[in-house]
Amino acid sequence: MTPDVSTEAPTEKTAKRKKAKRAKPAPAPKQASPFAGLTKTECAKGCSVDGCVVSGKPYCSHPAKGGLQAGDLGNREVVERFQQAVKYLKRQALA
Ligand SMILES: [Zn+2]
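The sequence shown begins at 24 in the working numbering and counts up one residue at a time.
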């Protein structure tokens, strides 16, 4: 015989603590922006030959250096990031 008694057992699942931690190479002090270091003429610090922080591709798409390649103009994610970079530079110009 099983007593049908519902005890007040907490059903919290504390074991599931998933914190997605992405490896960040540079411990940026204040600027958490991926465009940190980006200026009108210079690429962001996170830019390298392997990937531009703006395009995410192995070519530089700095707004002042030619921008995006035609093949990426249809890539919404890339275009959005490019526009964010442009905004970032505009804000910088105002500061
Ligand atoms: Zn770049």
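Every residue gets a Cβ at the ideal spot worked out from N, C-alpha and C, and that includes glycine.
N- and C-terminal bounds of the alpha helix (DSSP H) containing residue i
i, result
"residue 116", "99 to 117"
For residue i, three-class secondary structure by DSSP
i, result
"residue 27", "coil"
"residue 89", "coil"
"residue 74", "strand"
Cα-Cα separation, residue i to residue j
i, j, result
"residue 63", "residue 78", "16 Å"
"residue 45", "residue 57", "13 Å"
"residue 86", "residue 104", "11 Å"
"residue 60", "residue 80", "18 Å"
Proximity test, residue i beta-carbon vs ligand 1 heavy atom, cut-off 8 Å
i, result
"residue 88", "yes"
"residue 67", "yes"
"residue 102", "no"
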